[in-house]
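Structure first, commentary second.
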Amino acid sequence: MGNLVNASAAAEATGLNPFTVRRLGASGRIKIYRHGAAVRFDPDEIRNYMGKEGEERPTITRPRAKGPGLQK
């Protein structure tokens, strides 16, 4: 486990945006570390999830909304 940082710092260290970092944690793809009210992430774990340079990176998408008028 490396240095634990907040979502903004983790996003800056990995080239993602903070919303994506929080979404990866919420979906269980990366571990969320809680210390009281603070939520921390490990940038090394995010980099490992995203893969090394030159490897195919996983696509980070949201599930499509379903309902009347939303399907194409």
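In the numbering used here, each residue's number is its place in the sequence shown (first place is 1) plus 36. Ideal placement from N, C-alpha and C gives every residue a C-beta, glycine not left out. From a predicted model like this one, the values you see are computed outputs, not experimental measurements.
Where V57 is concerned, there is no enclosing beta strand (DSSP E), although the alpha helix (DSSP H) around it starts and stops at 54-62. Close CB contacts of A47 within its chain, under the 6 Å cut and outside five residues either way in sequence, are with N53, P54, V57 (chain order).
CA-CA distance, Y69 to N39, rounds to 11 Å. Using a 10 angstroms sphere on the CB of G64, the tally of other CB atoms stays under 16, which defines it as exposed. DSSP, read as helix, strand or coil, puts A43 in helix.
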